[in-house]
Amino acid sequence: MTHTALYDWCVIGGGIAGLAAARALAQRGQRVAIAEQGKFGNGATAAAGGMLAPLVEARTAEPHTLHFGFEALRFYPEFIRQLEAEAEMEVGYRTDGTLVVGVDRDQTEQLRHLFAEQQRLQLPVEWLSGYELRELEPYLSPTIAGGIRSGYDHQVDNQLLAEALRRALVRLDVGVMEGVGELHPQRVDGIWKIEGDGAALAAANVLLAEGASARALRRLLPELGRHLRPVKGQVLRLDQRELHLLDHVVRTPEVYLVPKSDGRLVVGASAEEQGFDDRITAGVMFELLRAAWECVPAIRELPILETTVGFRPATSDHLPLIGWTPIPGLAVATGYYRHGILFAPYAAQLLAAHVVEGSSSQWIQTFSPERFHGLDR
Numbered sequence: 000m001t002h003t004a005l006y007d008w009c010v011i012g013g014g015i016a017g018l019a020a021a022r023a024l025a026q027r028g029q030r031v032a033i034a035e036q037g038k039f040g041n042g043a044t045a046a047a048g049g050m051l052a053p054l055v056e057a058r059t060a061e062p063h064t065l066h067f068g069f070e071a072l073r074f075y076p077e078f079i080r081q082l083e084a085e086a087e088m089e090v091g092y093r094t095d096g097t098l099v100v101g102v103d104r105d106q107t108e109q110l111r112h113l114f115a116e117q118q119r120l121q122l123p124v125e126w127l128s129g130y131e132l133r134e135l136e137p138y139l140s141p142t143i144a145g146g147i148r149s150g151y152d153h154q155v156d157n158q159l160l161a162e163a164l165r166r167a168l169v170r171l172d173v174g175v176m177e178g179v180g181e182l183h184p185q186r187v188d189g190i191w192k193i194e195g196d197g198a199a200l201a202a203a204n205v206l207l208a209e210g211a212s213a214r215a216l217r218r219l220l221p222e223l224g225r226h227l228r229p230v231k232g233q234v235l236r237l238d239q240r241e242l243h244l245l246d247h248v249v250r251t252p253e254v255y256l257v258p259k260s261d262g263r264l265v266v267g268a269s270a271e272e273q274g275f276d277d278r279i280t281a282g283v284m285f286e287l288l289r290a291a292w293e294c295v296p297a298i299r300e301l302p303i304l305e306t307t308v309g310f311r312p313a314t315s316d317h318l319p320l321i322g323w324t325p326i327p328g329l330a331v332a333t334g335y336y337r338h339g340i341l342f343a344p345y346a347a348q349l350l351a352a353h354v355v356e357g358s359s360s361q362w363i364q365t366f367s368p369e370r371f372h373g374l375d376r
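FYI, in numbering that gives the first Met the number 0 the residues of the sequence shown are 0 to 376.
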């Protein structure tokens, strides 16, 4: 098979991690191609709620996740401003904030403990009474006695974000290839040859950003691949265009509800250790709808638009994998777990600065793949 002209980088994987990384590399003058076996923005990127929520999404027991999330969120406004200008489209970036509520006494008590911990960490949150919560969101259940308001948490339409990144890559003259099937990178005489269905590329370097599937990663670095696993997430999308129920992201300990600018309401998400079983199950759908109904009873009136499933890439220590691997010219950007939409743009900039300019940072060191195999590049 004849290979194309040599690229500086071939990014394998067209989810949020790969799209953002390809843009960051191209912005640094690199000649980049990105290849996706299916469609850009599918998989976990399409199934995500799009929450940018370091305060309520990060577990307080994971300080690296919390603090990296803060930095990633601070990066977002300028990232969105630049991306929307490049792509000439809006991506549904909203700063309404998040309400975390308890629908019964046990959940409310659980949230009070969370609030106390957030206060100890001096996080920008406030406790609201049930009355104050319903002043903000009148359709909340009358059983809700209190909850946490985080104005610091934002959201974006993840599907529009992926499309905007794809458009930006085209404007940056990135080689954009989708539907190429499973890709097989191999290093021959110091050059990476990457082949798939109808695709044949040659690159000086390869970035693996495949997400949970990580087929190339598992083949090339099986010992590292053992630390990556899929966590299944099932999601519903409802239609609130006629009956507008929510403006804020609303969460309980069991469910999240994310209103989008086009009238969709995302309800999610399960977290299942089920391998790559991609079936939508009645039990999970029932539990999500039950938890959503307990929070917002009028949700029973909304039409269901779609159900979907995705697989979050999770590592054994729940931290990302970002940086060079022991194989020359091979880097990774994966393992963002529940935080892919939040982490990916900022992580892409750190990664690109590291692999192109040689700069390092606390985060590149913390998230280095070398933590799992103890090998030097």
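We put the CB at the ideal spot given by N, CA and C, even for glycine.
Quick check on residue i: does DSSP put it in helix, strand or coil?
| i | result |
| --- | --- |
| Pro229 | strand |
| Ile190 | strand |
| Pro184 | strand |
| Glu356 | helix |
| Asn204 | strand |
| Met88 | coil |
| Ile33 | strand |
| Thr333 | strand |
| Asp238 | strand |
| His153 | strand |
| Val248 | strand |
| Val169 | helix |
| Tyr379 | Given that the chain is displayed from residue 0 to residue 376, the structure contains no residue 379 and the question cannot be resolved. |
| Gly40 | coil |
| Leu132 | helix |
| Arg73 | helix |
Within the same chain, show all residues whose beta-carbon is closer than 6 Å to that of residue i, passing over the 5 residues directly before and after it, in chain order.
| i | result |
| --- | --- |
| Ala313 | Arg228, Val230 and Tyr336 |
| Arg305 | The amino acid occupying residue 305 in the given sequence is Glu; Arg does not appear at that position. Excluding positions up to five away in sequence, the list reads Arg236. |
| Ser315 | His226 |
| Ala351 | Ala23, Leu24 and Arg27 |
| Thr107 | Gly101, Ala144 and Gly145 |
| Leu207 | Ile11, Ala215, Leu216 and Val331 |
Measuring alpha carbon to alpha carbon, tell me which of the options ends up nearest residue i.
| i | options | result |
| --- | --- | --- |
| Pro302 | Phe78, Arg240 and Asp95 | Arg240 |
| Glu209 | Leu5, Gly12 and Trp8 | Gly12 |
| Gly14 | Phe310, Glu253 and Asp105 | Phe310 |
| Gln36 | Leu318, Glu194, Asn157 and Gly267 | Glu194 |
| Gly178 | Asp196, Ala16, Ile190 and His153 | Asp196 |
| Arg93 | Val248, Glu131, Gln185 and Gln158 | Val248 |
| Phe78 | Gly189, Val205, Thr365 and Leu341 | Leu341 |
| Phe114 | Val55, Gly150 and Phe371 | Val55 |
| Leu344 | Pro123, Thr44, Gln361 and Pro296 | One detail in the question is off: residue 344 reads as Pro in this sequence, not Leu. The shortest C-alpha separation from Pro344 is found at Thr44. |
| Gln118 | Thr142, Thr97, Ser128 and Arg148 | Arg148 |
| Asp276 | Ile33, Ser212 and Arg250 | Ser212 |
| Arg250 | Ala281, Ala291 and Val283 | Ala291 |
| Ser128 | Leu120, Leu122, Gln121 and Leu139 | Leu139 |
| Leu287 | Glu253, Gly274 and Leu171 | Glu253 |
Within 10 Å of its beta-carbon, does residue i have 16 or more other beta-carbons around it, so buried, or fewer, so exposed?
| i | result |
| --- | --- |
| Ile298 | buried |
| His243 | exposed |
| Gln81 | exposed |
| Glu136 | buried |
| Phe285 | exposed |
| Val169 | exposed |
| His394 | Past the boundaries of the shown model lies residue 394; the chain is included only from 0 to 376, so the question cannot be answered. |
Mind checking which residues open and close the alpha helix (DSSP H) that includes residue i?
| i | result |
| --- | --- |
| Gly146 | Run containing Gly146: none in the alpha helix (DSSP H); it sits in the beta strand (DSSP E), Gly145 to Ser149. |
| Ala46 | Ala43 to Ala46 |
| Val283 | Ala281 to Cys294 |
| Glu116 | Arg104 to Arg119 |
Going by DSSP, what residue range makes up the beta strand (DSSP E) through residue i?
| i | result |
| --- | --- |
| Leu98 | Thr97 to Val100 |
| Arg263 | Arg263 to Gly267 |
| Gly224 | It is not in any beta strand (DSSP E) - Gly224 instead sits in the alpha helix (DSSP H) that spans Pro221 to Gly224. |
| Tyr6 | Leu5 to Ile11 |
| Phe310 | Ile303 to Thr314 |
| Gly174 | Gly174 to Glu177 |
Using a Cβ-Cβ cut-off of 7 Å (strictly less than) and excluding sequence neighbours within five positions of residue i, which residues of its own chain qualify?
| i | result |
| --- | --- |
| Gly91 | Val155, Asp156, Leu159, Lys259 and Ser260 |
| Glu272 | Val230 |
| His63 | Leu318 and Thr365 |
Quick one: what's got a C-beta closer than 8 Å to residue i's C-beta in the same chain, skipping five residues either side?
| i | result |
| --- | --- |
| Gly262 | Asp238, Gln239, Arg240 and His243 |
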